[in-house]
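What follows is a set of notes on a single structure, which appears directly below.
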Amino acid sequence: MDGSEVGEVAVNLDAFTQGEYASQSKIYKEFATLSTIDKAWTFKSSNGLGTQTMFSLTQPNLLSNKKKKLMLPSFISEDSDSTLHVQWSPFPIEITGASVMVPSPSGKKLLVIRNPENDSPSQFEIWGKFQLEKEIRVPQSVHGSVYSDGWFEGISWSPDESLIAYVAEESGFHKPTFNNSGYKKDVGPTDKDYNSWKGQGDWEEDWGEAYSGKKHPALFVININSGEVCAVDIGSSLSVGQVVWGPPTKGSHQYLVFVGWPLSNRKFGMKYCTNRPCSLYAVKAPLFGLKLKENATNNVSLINLSEATSSAFLPRFTPDGKFLVFLSAKSAVDSGSHNATNSLHKIEWNSEGEPHPAKIIDVVPVVMCHEDDCFPGIYCFDMISKPWLSDGFTMIFSSIWGSKEVILSVNMLSGKVSRITPIDSNHSWSLLSVDGNNILALCSSPIDVPQIKYGSLTKDKSKDATWHWRDVSSPISECQEKVKSLLSPLEFEILKIPIKSVSNNLTKGACKPFDAIFVSSKLKHDHTCNPLTVILHGGPQDVSLTSFSKSSAFLASIGFSLLVVNYRGSLGFGEEALQSLPGKVGSQDVNDVLSAIDHVIDMRLANPLKITVVGLSHGGFLASHLIGQAPDKFVAACVRNPVCNLGLMVGTSDIPDWCFVESFGNEGLSLYTEAPSSELLSFFHEKSPISHVSKVKTPTLFLLSAKDIRVPVTNGLQFARALKEKGVPLKVIVFPQDIHPINRPQSDFESFVNIGVWFKKYCRD
1 MDGSEVGEVA VNLDAFTQGE YASQSKIYKE FATLSTIDKA WTFKSSNGLG TQTMFSLTQP
61 NLLSNKKKKL MLPSFISEDS DSTLHVQWSP FPIEITGASV MVPSPSGKKL LVIRNPENDS
121 PSQFEIWGKF QLEKEIRVPQ SVHGSVYSDG WFEGISWSPD ESLIAYVAEE SGFHKPTFNN
181 SGYKKDVGPT DKDYNSWKGQ GDWEEDWGEA YSGKKHPALF VININSGEVC AVDIGSSLSV
241 GQVVWGPPTK GSHQYLVFVG WPLSNRKFGM KYCTNRPCSL YAVKAPLFGL KLKENATNNV
301 SLINLSEATS SAFLPRFTPD GKFLVFLSAK SAVDSGSHNA TNSLHKIEWN SEGEPHPAKI
361 IDVVPVVMCH EDDCFPGIYC FDMISKPWLS DGFTMIFSSI WGSKEVILSV NMLSGKVSRI
421 TPIDSNHSWS LLSVDGNNIL ALCSSPIDVP QIKYGSLTKD KSKDATWHWR DVSSPISECQ
481 EKVKSLLSPL EFEILKIPIK SVSNNLTKGA CKPFDAIFVS SKLKHDHTCN PLTVILHGGP
541 QDVSLTSFSK SSAFLASIGF SLLVVNYRGS LGFGEEALQS LPGKVGSQDV NDVLSAIDHV
601 IDMRLANPLK ITVVGLSHGG FLASHLIGQA PDKFVAACVR NPVCNLGLMV GTSDIPDWCF
661 VESFGNEGLS LYTEAPSSEL LSFFHEKSPI SHVSKVKTPT LFLLSAKDIR VPVTNGLQFA
721 RALKEKGVPL KVIVFPQDIH PINRPQSDFE SFVNIGVWFK KYCRD
């Protein structure tokens with residue numbers, strides 16, 4: 001779609017298809033261009049009578065094919081009668097070219113980082129209340145781009161707000177230089193010679209999908225007063241991320257705590273994969289004003305704080321500095337599943353001197369199997385920088401609970417876990433900010449756009465503490481009126497799908513019913529059902545939530561009922577249910593989806609003659625399996641970067657270990673090899689959709705990314721060519737600049753308009 005106008009329709013299409021392109025592109029534009037709230041920060045006002053809030057928003061721009069970053073300030077206050085008042089800035093402010101924005105703890109300063117293009121320096125801007133106070137340019141001879149991805153990313157202000165610790169790409173390694181005379185020796189980093197050129201040098205792996213060119217995330221500290229940048233020497237055996245400043249200790253040194261991933265024989269893909277072993281480390285922060293050698297001698301060796309566990313990430317200190325709290329994905333590391341149920345831990349912090357490895361204290365263990373409607377375990381993969389209530393020992397974070405996202409509180413002293421969002425709500429809630437005993441959150445559903453909520457903790461001596469939630473009116477809501485009107489005729493519910501055949505070797509958790517989210521019209525015409533679209537998430541250790549999705553809401557708004565299946569193996573349902581799937585992909589998950597479809601047909605919620613299916617990644621794997629194993633079930637399908645041939649993927653993906661674990665279960669870790677035998681390749685083929693290709697007759701739309709490292713484009717193209725050879729109707733769109741999620745604004749737009757048109761075409765009477 002690059003260079004074309006929104007709504008432009010290809011030539012040589014029949015009148016029906018042209019009409020659908022025109023109408024659907026107009027509707028999806030309303031959804032696709034909605035702004036979304038990414039983060040929020042709260043600060044006490046100078047008079048202490050209210051809260052200043054900064055919201056960070058993203059808005060897709062279809063014409064530029066980029067996402068605009070916006071900042072929107074507000075002021076929140078309460079009357080004596082608890083009436084909430086919110087004052088908004090009249091307009092949002094676009095932060096052009098910003099990679100990341102991080103306010104200081106006091107809210108008096110704002111850090112804006114602009115990452116380099118080509119050979120340009122990284123740009124650090126320190127903003128005050130009224131103007132830019134400092135601009136520091138860091139050349140690429142010091143370091144490359146600053147990590148802003150949310151996983152390796154670690155940007156932390158020191159307590160006195162004079163230093164900032166962060167993670168950036170280590171400066172480039174030596175590349176040979178050539179000229180007309182051959183090899184050129186002793187070329188300095190600043191030499192400019194237009195009669196020579198740089199060679200490629202030795203190839204080195206990066207961190208895979210979404211980290212193209214990112215090979216060495218390293219630790220740096222910048223002094224915002226002097227502009228001096230100091231690299232923190234931790235050796236070459238670790239990649240680092242998620243850095244935070246440790247509490248003050250006796251003596252002149254402060255410590256930095258960070259997550260370190262050891263470098264093994266090869267780098268497996270990191271994105272969406274919490275099963276990579278990692279530990280928490282402490283290191284002395286550099287002392288500015290000293291020479292580099294003096295800093296090196298003043299430094300100490302790395303201190304592994306969590307050596308007793310194979311996984312530790314998202315470190316946070318309690319406000320009193322006595323404990324370091326962290327999450328662990330040990331279950332994922334040990335099993336090989338790319339995500340699993342997390343646990344929460346703490347260790348004592350030595351404030352008397354040098355930190356040291358301490359006993360890991362379990363706060364919330366892994367939940368293997370939970371009773372109905374009870375806490376299923378922690379599924380948290382992000383955390384705000386200050387997650388504490390005013391008591392100093394209650395931590396707040398978002399977590400997956402079945403098909404919903406909820407907000408939890410955890411008492412660090414007792415380990416008690418409480419769900420603080422309404423128990424009777426089927427909506428999903430995500431945490432934005434904590435301010436004393438008040439919380440800002442987002443609440444949404446498949447048919448409700450995100451609403452800002454303000455939660456307040458009320459304590460009564462005769463009762464347990466309770467949370468009171470109120471709506472926050474915002475100008476964002478006013479921009480969503482057209483979308484709200486499109487969604488007003490819809491309703492949704494969470495269905496419990498019983499397991500059809502329970503074998504004796506299944507765990508208790510794997511025998512429990514699984515969830516499916518069902519979205520449909522409130523208006524039934526002569527007892528007829530709208531066409532049904534089955535939506536399948538990837539992973540498979542992932543989940544589809546009852547949160548708002550622009551693309552799913554669009555499909556529902558144009559007349560499709562939605563069946564969003566969280567088959568066994570999804571996150572949020574306990575570890576036993578999750579671990580039941582590895583080794584059974586292509587069978588257990590396929591049967592679960594077919595059971596969910598039969599369930600809604602039996603309930604007379606779906607017309608069995610008008611069923612379509614769409615899935616991304618492992619969801620595409622499932623969709624491809626379904627149209628082969630149940631060839632008469634679906635009138636149309638769409639597969640987005642699908643896994644169609646595990647034998648092909650194992651030699652080309654950044655996560656070949658995934659192919660082994662999903663095919664063989666826990667045994668896959670010990671079977672892993674870079675050179676699979678013919679027997680292994682044959683088994684991969686049997687597990688793959690390609691083994692059923694001869695039975696496929698469903699018209700299929702392929703949406704593929706040319707730069708996908710996770711599931712390379714050859715996987716989908718091979719399956720598409722095989723269907724074309726059989727004469728199956730198909731359409732293939734390859735997006736040349738996209739990676740695995742296909743989420744660049746124009747690519748997302750073209751994808752879902754085509755999905756809508758394709759499904760409408762084959763659901764006609």
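Just so you know, full-length UniProt numbering puts 374 at position 374 of the sequence shown, and the rest follows in order with no gaps.
Beta carbons are placed, not taken as given, at the ideal position from N, Cα and C, and that holds for glycine.
From a predicted model like this one, the values you see are computed outputs, not experimental measurements.
1. If you draw a straight line from the C-alpha of K68 to the C-alpha of I360, how long is it?
2. Mind reading off the beta-carbon distance from V434 to I452? Whole number of angstroms is fine, and I expect it under 8 angstroms.
3. Apart from the five residues on each side of it in sequence, which residues of its chain come closer than 7 angstroms, Cβ to Cβ, to P286?
4. Spatial neighbours of I400 within its chain, please: C-beta separation below 6 angstroms, excluding the five flanking residues on both sides.
5. To which residues of the same chain is F43 closer than 6 angstroms at the C-beta, ignoring the five residues directly before and after it?
6. For Y166, which of helix, strand or coil comes out of DSSP?
7. Let me know the secondary structure DSSP gives I93 once reduced to three states.
8. As a quick exercise: from F55, W197, P736, pick the residue whose alpha carbon is nearest that of L432.
9. Considering only residues of the region 518–552, which uninterrupted beta strand (DSSP E) runs meet the minimum length of 3 residues and lie entirely inside it, listed in chain order?
10. Roughly how many angstroms lie between the CA atoms of P736 and N645, to the nearest whole one?
11. Please classify Y762: does DSSP put it in a helix, a strand, or coil?
12. W467 bridges to which residues according to DSSP?
13. Counting along the chain, where does the alpha helix (DSSP H) carrying I601 start and finish?
14. Could you tell me whether the Cβ atoms of L594 and A630 are closer together than 8 angstroms?
15. Starting from C230, follow its DSSP beta bridges and name the residues at the other end.
16. Could you tell me the distance, in whole angstroms, from the CA atom of A510 to the CA atom of H427?
17. Could you check where the alpha helix (DSSP H) with E30 kicks off and where it finishes?
18. Have a look at the DSSP bridge pairing and note the partners of A637.
19. Going by C-alpha distance, which of Q24, V639, E30 is nearest Q480?
20. Among G336, T309, V696, H174, which residue has its Cα nearest to the Cα of G668?
21. Can you tell me which of the three DSSP states S71 falls into?
22. Count the other C-beta atoms from every protein chain shown that fall within 10 angstroms of the C-beta of T297, then say buried if there are 16 or more, exposed otherwise.
23. Distance check for S301 and S403, CA to CA, integer angstroms please.
24. Could you tell me which of V112, C273, F554 sits nearest to E125, measuring between CA atoms?
25. Under 8 angstroms between C-beta atoms, does Q746 make it to chain C?
26. Let's see if you can read the secondary structure: which residues bound the alpha helix (DSSP H) around E209?
27. K66 by DSSP, collapsed to three states: which one?
28. For a quick check, are the C-beta atoms of E20 and K508 less than 8 angstroms apart?
29. Is it right to say M383 is buried, meaning 16 or more other beta carbons lie within 10 angstroms of its own, or is it exposed?
30. Excluding the 5 residues flanking H174 on each side, which residues of the same chain have their C-beta closer than 7 angstroms to its C-beta?
31. Please list the terminal residues of the continuous beta strand (DSSP E) segment that includes G182.
32. Could you compute how far the alpha carbon of F441 sits from the alpha carbon of W429?
33. Measuring CA to CA, which of K459, K695, E750, D515 is closest to D632?
34. Quick one: complete beta strand (DSSP E) runs, 3+ long, within the region 239–264?
35. Based on Cα-Cα distance, which residue from I690, L704, F749, V711 lies nearest to K726?
36. Who does E135 pair with in a DSSP beta bridge?
According to the data block:
1. Between the C-alpha atoms of K68 and I360 there is a straight-line separation of about 42 angstroms.
2. No, V434 and I452 are not in contact; Cβ-Cβ is about 15 angstroms, not under 8 angstroms.
3. V221, C230, V232, N295
4. Y379, V543, L571, G572
5. Q52, G107
6. strand
7. Strand, per DSSP.
8. F55
9. 532–536, all fully within the region 518–552.
10. 21 angstroms
11. helix
12. L457
13. 588–602
14. yes
15. C230 is bridged by DSSP to V221.
16. 25 angstroms
17. 15–32
18. V613, T700
19. The shortest C-alpha separation from Q480 is found at E30.
20. G336
21. Residue identity differs from the one stated: residue 71 is Met in this sequence, not Ser. M71 falls in the strand class under three-state DSSP.
22. Summary for T297: the model assigns pLDDT 39, below 50, so the residue's position carries little reliability; its value from the coordinates is reported in the next sentence. Label assigned to T297: exposed.
23. 45 angstroms
24. V112
25. Although the question refers to chain C, the structure presented lacks it and comprises just one protein chain.
26. Careful: E209 lies outside any alpha helix (DSSP H) and carries neither H nor E.
27. strand
28. no
29. Under this definition M383 is a buried residue.
30. G201
31. 182–184
32. Correcting the residue identity first, residue 441 is Ala in this sequence and not Phe. So the alpha carbons of these two residues sit roughly 7 angstroms apart.
33. Closest in alpha carbon position to D632, among K459, K695, E750, D515, is K695.
34. 255–262
35. I690
36. E125
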